[in-house]
Structures are given as C-alpha cells and as structure tokens.
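Have a look at the structure below, then the notes.
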Amino acid sequence: MKVLVFKSYEELSKAAADMVAKQVKEKTNSILGLATGSSPVGMYKELVKMYKNGEVDFSKVVSYNLDEYCGLGADSDQSYRYFMQENLFNETNFKETFVPNGLAKDFNVECERYEKMMESAGYVDLQVLGIGGNAHIGFNEPADHFALNTQLVNLTKETIDANARFFASASDVPTKAITMGIGTIFKSKKIILVASGKGKQEAIFATVKGKITPNAPSSILQLHPDVTILIDEDAAGLIK
Ligand code: GLP
487 MKVLVFKSYE ELSKAAADMV AKQVKEKTNS ILGLATGSSP VGMYKELVKM YKNGEVDFSK
547 VVSYNLDEYC GLGADSDQSY RYFMQENLFN ETNFKETFVP NGLAKDFNVE CERYEKMMES
607 AGYVDLQVLG IGGNAHIGFN EPADHFALNT QLVNLTKETI DANARFFASA SDVPTKAITM
667 GIGTIFKSKK IILVASGKGK QEAIFATVKG KITPNAPSSI LQLHPDVTIL IDEDAAGLIK
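To get the working numbering, take the position in the sequence shown, counting from 1, and add 486.
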C-alpha cells in the first residue's frame, strides 16, 4: 500500500485525476470503477478539465459505479446515477457507464445481474474509492464478515446521519443500498482511495495501520497488491 500525503485537497485531486488519466492513456479501453461522495468531486472536476483540453479521451472507456441507494432513480437529484451524470458523465465522452439500478423490482436480482455483468467484463482495471468516517468503502458497512459479491445492505445510523447533509432531512435518506462487495472491489487490478479532512483521520488510520477486520472494512485494502491512498495532511493526522 502506497500512501501519498498532499498539502491541499486541490493537489490531491489533481494527482488522483492524473492517475486516472494515465490509466486511460495506457489502456484506452480501460474499465474504471467509480465512486460518489464529496471526496472525488475535485478529481472529477480535473478530469472534465483534462477532457475539454483534449488531454484525455474516454470514448473507449466503460465504468461501473460502486453503489446506489435503493428507491432512487436517475432523475432523483440525490441518486448516485444523477451525481455521476452531473459531475462527470454529462461533461465527458464515456463509451458506457453502469450504476446499480436503485429502482429495480427485486434488489437481490439486481445485485446478481450487476456482479455477473462485471464478471463477464473481467472486472475493473482501476477502482476509485472514497471512505466513510466509519471506514466503509462503497456501502460496505462495518460488519462481522467481509461481503463477497455485490449485495443489498442496510445502512448504519452513522452513515445515514453523515449523508443526511445531501438530503432535506435524515428521514429522507434511504435506509438500504446496493453495493459492490469487498470481494468485487478486490478483483480490481489497481485501487486508489481519496480522502481529506480531520473527519477521516480515524478511518485512514484503520485503513493504513489498523488491524484487518470487517469492523473497519477498508482495513482489508492492506492485503491488496496495488493500492494508493491519496490524502491531505488533516486526513493523515493519525498516521504520521
Ligand atoms: C458514501 C458513499 C461512499 C463514500 C462515502 C464518503 O457513503 N457510498 O462511497 O466514500 O459516502 O463520502 P464523502 O466523500 O462525501 O465523505
């Protein structure tokens, strides 16, 4: 695991965008795994800028997003599909983009469909991750085991409260979500994780130096052969 500490969110976003662009230049038909949340927003801004300047081309790139809220569709401005359209897809030229269907009739069937689709595609070349304050990745919440495949999960109160800032109130936050499993994420050839701010200090400690336990889901990344953690000095506060 490589840890890169930057002076500012802008610098870390630029470095993360450079890594994604490098991947796409080296393999034009790359499969990217993408994340939502505020952490990768700066990176997406940089990628849009690079695309508009002709520095990167996504026309052969396919993407799979990590997760989606159950009950929210593409036209709901809180859905992760909507977030991705706004922050990246509407502004660039991806060949195809996939996000779990939050309006599926049967969520378990949707999870199986999503996993199978990724399996047939050969899984992800470069996966981008954010991290929750409780060290969740995607929506893999602290648990007593690591989830293997894409699955339906109940969100913890902590995550619902943390994500309530994007909704009118905490009671509007969906309580369930579909997420790639830890096993799905682990099949990615490369992983980058972006995080900033003091609120992520403990989660970053758990990721980099903590005991490997499903209680801190990101800690399993210590076992993956190609992970780069990009953080600012605040988020690095406990690992110095
Ligand atoms: C959500 C997403 C995660 C993300 C996390 C942190 O729970 N499912 O993928 O990493 O939020 O979000 P933020 O970057 O806004 O702190």
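For every residue, glycine included, the Cβ atom is placed at its ideal position computed from N, Cα and C.
With distance defined between alpha-carbon atoms, name the residue in the options nearest to residue i.
i	options	result
residue 616	679, 687 and 543	679
residue 687	521, 578, 523 and 619	619
residue 584	560, 490, 493 and 592	560
residue 638	602, 490 and 554	554
residue 530	723, 513, 570 and 543	570
residue 644	496, 635, 634 and 625	625
residue 588	572, 722 and 567	567
residue 524	648, 661, 693 and 654	648
residue 514	532, 502, 500 and 545	545
residue 694	650, 713 and 614	713
residue 623	597, 522, 535 and 723	522
residue 685	718, 591, 666 and 499	718
residue 726	705, 701, 700 and 691	691
residue 731	537, 605, 586 and 606	Here the chain has residues from 487 to 726 only, and residue 731 is not among them.
residue 576	537, 564, 526 and 517	537
residue 492	658, 689, 683 and 516	683
residue 604	642, 572, 573 and 666	666
residue 573	613, 535, 606 and 609	535
residue 659	630, 558, 701 and 602	558
Flag this pair as yes or no: are the beta carbons of residue i and residue j separated by less than 7 Å?
i	j	result
residue 664	residue 632	no
residue 520	residue 551	yes
residue 708	residue 715	no
residue 507	residue 542	yes
residue 656	residue 721	no
residue 635	residue 578	no
residue 477	residue 532	No answer is possible for residue 477: the residues shown for the chain start at 487 and end at 726.
residue 593	residue 556	yes
residue 611	residue 517	yes
residue 676	residue 640	no
residue 673	residue 600	no
residue 614	residue 526	yes
Quick test of your reading: residue i and residue j, contact by CB under 8 Å. State the CB separation rounded to the nearest angstrom.
i	j	result
residue 628	residue 711	With 8 Å as the limit, residue 628 and residue 711 do not qualify as a contact, their Cβ atoms being about 24 Å apart.
Continuous alpha helix (DSSP H) assignments of at least 4 residues falling wholly in the stretch 604 to 672: 643 to 649 and 668 to 672
Runs of alpha helix (DSSP H) lying entirely within the stretch 510 to 572, each at least 4 residues, in chain order: 527 to 538
Chain-ordered residues, beta carbon under 6 Å from a heavy atom of ligand 1: 521, 522, 523, 524, 525, 552, 553, 616, 617, 618, 624, 625, 645 and 649
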